[in-house]
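**Student:**
Chains as they are written, first to last, in the numbering used here: chain A, 1 to 201; chain B, 1 to 201.
1) Is the beta carbon of residue 29 of chain A sitting closer than 8 Å to the one on residue 21 of chain B?
2) Is the shortest distance between the beta-carbon of residue 90 of chain A and the beta-carbons of chain B less than 8 Å?
3) Check the Cβ-Cβ distances between residue 4 of chain B and every residue of chain A, and say whether any is below 8 Å.
4) Pull up the CB-CB distance for residue 88 of chain B and residue 104 of chain B, whole angstroms please, since I reckon it's below 8 Å.
5) Can you confirm whether the stretch 160–175 of chain A touches the stretch 126–141 of chain A when touching is taken to mean that 3 or more C-beta pairs between the two stretches lie within less than 8 Å?
6) For residue 86 of chain A and residue 173 of chain A, which I take to be in contact (beta-carbon distance under 8 Å), what is that distance rounded to the nearest angstrom?
7) With distances taken between CB atoms, is the gap from residue 58 of chain B to residue 68 of chain B smaller than 8 Å?
8) Comparing C-alpha positions only, which one of B:143, B:54, B:197 sits nearest to residue 160 of chain B?
9) Report the residues of the stretch 67–88 of chain B with a CB closer than 9 Å to any CB of chain A, ordered along the chain.
10) Taking CB distances under 8 Å as the criterion, tell me whether residue 144 of chain B reaches chain A.
11) Closest to residue 108 of chain B by CA distance: which of B:184, B:154, B:76 is it?
12) Identify every residue that forms a DSSP beta bridge with residue 142 of chain B.
13) Under three-state DSSP, which class holds residue 24 of chain B?
14) For a test of the three-state rule: what should DSSP assign to residue 165 of chain B, helix, strand or coil?
15) According to DSSP, what are the bridge partners of residue 119 of chain A?
16) Check whether the Cβ atoms of residue 171 of chain B and residue 128 of chain B lie closer than 8 Å to each other.
17) If the cut is a Cβ gap below 8 Å, which residues of chain B does residue 29 of chain A touch?
Here it is as structure tokens:
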């Protein structure tokens with residue numbers, strides 16, 4: 001017996017141990033923290049999880065996770081809907097939003113092209129972007145992909161497809177994103193600089 | 001807006017950010033991980049939290065957190081109920097159980113004496129131990145408290161009270177070099193204790 005008693009406690013520790021950044025030790029620590037004062041710690045968290053799980057939607061337009069579909073960004077009339085920033089993950093979108101450096105909308109690919117992990121173009125969430133491009137609703141596409149091999153591969157694939165749309169400016173975030181770095185761990189200043197110094201692709 | 005949308009998501013991130021070892025960044029990472037696949041990640045965790053919260057009891061005998069009261073240790077007839085190991089927290093109890101080094105029962109104090117944080121003897125869960133001592137049910141008390149100022153203060157206070165029970169053996173866990181530990185990373189206090197408690201090889 002690992003946790004000292006109770007199938008329910010062991011199951012909780014097992015699930016906590018699967019969270020990113022968690023090991024058995026941190027899972028036990030968090031479980032103990034929660035179980036020590038269930039009413040003020042465990043119950044509110046369980047309730048918040050349930051509410052978020054019920055409310056969560058994937059935006060059918062951009063791929064963002066939100067409680068609305070279309071998400072609050074896609075339905076915001078004050079944003080520049082003709083400027084689309086392409087990111088890999090929702091975490092990247094959140095990072096750019098926290099930095100407040102992009103006034104347009106987004107397209108969340110949900111991944112990158114990767115022959116190794118078997119991710120092909122058909123796995124990327126790009127259809128809504130090309131639909132908007134076809135409809136002539138896009139003036140500029142900003143490629144904000146990570147400076148990784150997969151990010152670069154994905155960017156080149158996208159650029160190849162974007163040349164078909166003559167009137168559309170395609171730019172990429174400036175190098176300044178550290179090699180091998182993911183966007184969502186960068187500080188706001190770096191994100192702002194990278195976006196501000198974007199150049200024609 | 002921090003999370004990119006939805007009061008429910010923000011509330012979840014806020015609560016996750018309060019967990020021990022969490023900051024805003026890890027809270028967002030875990031929230032994203034859970035929200036990305038709600039059915040296989042978020043819902044099972046919410047359910048496990050709810051179940052554990054419903055099932056959890058504080059053992060009225062030793063202070064352990066379990067789904068039973070008395071806990072599975074206190075009701076185990078194969079354990080030596082006359083040997084009581086005194087620990088500070090349920091986490092300490094779980095650690096000793098994982099190590100499988102104690103065949104008796106426990107008394108979880110739930111804290112240590114600390115004038116700074118205002119924890120006095122009346123805040124410690126010691127009444128069940130003294131009730132058992134009064135009833136003559138205890139042969140040995142093992143003090144397994146942390147090697148901190150508060151742990152030492154608590155231990156001395158307990159030893160003062162335990163001398164009243166003449167027939168009871170009182171011992172304390174040894175201080176020294178941890179298994180696998182190198183000497184040059186240990187603090188002076190540990191080295192002094194380890195050297196002072198040296199025994200014939």
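Every residue gets a Cβ at the ideal spot worked out from N, C-alpha and C, and that includes glycine.
These figures come from a predicted structure and were not determined experimentally.
**Tutor:** Short version:
1) In the first chain, the residue the question calls residue 29 of chain A occupies position 29. In the second chain, the residue the question calls residue 21 of chain B occupies position 21. At the C-beta level, residue 29 of chain A and residue 21 of chain B come within 8 Å of one another.
2) As a position in the first chain, residue 90 of chain A is number 90, starting the count at 1. Cβ-Cβ to chain B under 8 Å: yes for residue 90 of chain A.
3) Locating residue 4 of chain B in the second chain gives position 4, where the first residue counts as 1. Note on residue 4 of chain B: pLDDT 49, under 50, position unreliable in the model; the coordinate value appears next. For residue 4 of chain B, at least one C-beta of chain A is nearer than 8 Å to its own C-beta.
4) By 1-based counting over the second chain, the position of residue 88 of chain B is 88. By 1-based counting over the second chain, the position of residue 104 of chain B is 104. Between residue 104 of chain B and residue 88 of chain B the Cβ distance is about 17 Å, and since that is not below 8 Å, they are no contact.
5) Enough Cβ pairs lie closer than 8 Å, so yes.
6) Within the first chain, residue 86 of chain A is the residue found at index 86, counting from 1. Within the first chain, residue 173 of chain A is the residue found at index 173, counting from 1. For a cut-off of 8 Å, the C-beta gap from residue 86 of chain A to residue 173 of chain A is around 10 Å, too long to register as a contact.
7) Taking the first residue of the second chain as 1, we reach residue 58 of chain B at position 58. Taking the first residue of the second chain as 1, we reach residue 68 of chain B at position 68. No. Outside cutoff.
8) Mapped onto the second chain, residue 160 of chain B falls at position 160. Among B:143, B:54, B:197, the Cα nearest to that of residue 160 of chain B belongs to B:143.
9) Against chain A - using a Cβ distance shorter than 9 Å - the residues of the stretch 67–88 of chain B are 67, 68, 71, 72, 73.
10) Translated into the one-based positions of the second chain, residue 144 of chain B becomes position 144. In terms of beta-carbon proximity, residue 144 of chain B stays away from the interface with chain A, with every pair separated by 8 Å or more.
11) Walking along the second chain from the start, residue 108 of chain B turns up at place 108. Residue 108 of chain B has its Cα closest to that of B:154, out of B:184, B:154, B:76.
12) Within the second chain, the letter at position 142 stands for residue 142 of chain B. According to DSSP, which records beta bridges pairwise, residue 142 of chain B is partnered with B:85, B:171.
13) The residue labelled residue 24 of chain B in the question sits at position 24 within the second chain. Here residue 24 of chain B sits in helix by DSSP.
14) If you number the second chain from 1, residue 165 of chain B lands on position 165. It is coil, neither helix nor strand.
15) Numbered from its first residue, the first chain carries residue 119 of chain A at position 119. Secondary-structure assignment with DSSP links residue 119 of chain A through a beta bridge to A:114.
16) In the second chain, counting from the first residue as 1, residue 171 of chain B sits at position 171. In the second chain, counting from the first residue as 1, residue 128 of chain B sits at position 128. No, the pair does not count as a contact, with Cβ atoms beyond the cut-off.
17) Residue 29 of chain A sits at position 29 when you count from the first residue of the first chain. Under a criterion of Cβ atoms nearer than 8 Å, the residues of chain B adjacent to residue 29 of chain A are, in order, 20, 21, 91.
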